[in-house]
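Heads up: the sequence shown runs through residues 263 to 419, numbered per my numbering. Note sheet for the following structure.
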Amino acid sequence: MITAIVGGGIGAGATLVAAFGVEFYRRQRRESKVRLALLKEMQAVERQGSDGDVFNTIKEAMRLAKRGNSPANTFIDRTVYQNIGSDLSLLDQDEVDLVVEYYTLAELWINRVEAYREVMLADGFTPEMNLPGDDVEELKYLEEIRNQAISELQSNM
Numbered sequence: 263m264i265t266a267i268v269g270g271g272i273g274a275g276a277t278l279v280a281a282f283g284v285e286f287y288r289r290q291r292r293e294s295k296v297r298l299a300l301l302k303e304m305q306a307v308e309r310q311g312s313d314g315d316v317f318n319t320i321k322e323a324m325r326l327a328k329r330g331n332s333p334a335n336t337f338i339d340r341t342v343y344q345n346i347g348s349d350l351s352l353l354d355q356d357e358v359d360l361v362v363e364y365y366t367l368a369e370l371w372i373n374r375v376e377a378y379r380e381v382m383l384a385d386g387f388t389p390e391m392n393l394p395g396d397d398v399e400e401l402k403y404l405e406e407i408r409n410q411a412i413s414e415l416q417s418n419m
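What follows is the structure, encoded as structure tokens:
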């Protein structure tokens, strides 16, 4: 009788440990997938910018927008970020903070470029596009946040 109880307890304990292990493994895999997908999406800006940074990527988008040629929402991809939903909470809080700040600032710039493009199309003129000093500093900050987010994601891989 005692042997059956002890055996049952050991079996139940082993089942719990195995179930926890499987769940832990699944969570780790989902977390790694989210981290890697965000990392690739954020690094994709490097392939789009003439000098591999957000600043030049946005300046190029503004130049194209000035001619009314560029759909503004394609120069900084947000597909992964928009589709990961609650899986973002799998990441460490520092990662989440930096990722959310980057995509929030990027969205603001995407809207600025689109507004600029619409003005250029409506008014029919193309003045020289020079970024005011504040805009240059904001873009540098966006690049800094992006680099910090990439670094944080990489350090947790």
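Using N, Cα and C, we set each Cβ at its ideal position, and we do this for glycine too. None of the values given here were measured: they were computed from a predicted structure.
- Taking the C-beta atoms as reference points, E293 is found nearer than 8 angstroms to L352.
- Only residues of its own chain outside the window of five on either side were considered, and among them L360 have a CB closer than 7 angstroms to the CB of Q410, listed in chain order.
- Excluding sequence positions up to five before and after L298, its CB lies less than 6 angstroms from no other CB in the same chain.
- Taking the CA atoms as reference points, L350 sits about 39 angstroms from G270.
- As the crow flies, the alpha-carbon of V358 is around 12 angstroms from that of I407.
- Restricting attention to alpha helix (DSSP H) runs no shorter than 4 residues, the stretch 331 to 367 encloses them at 341 to 345, ordered along the chain.
- Between Y378 and R340 the beta-carbon gap is near 19 angstroms, outside 8 angstroms, which marks them as no contact.
- Taken atom to atom, the span from the alpha-carbon of I372 to that of K402 is near 15 angstroms.
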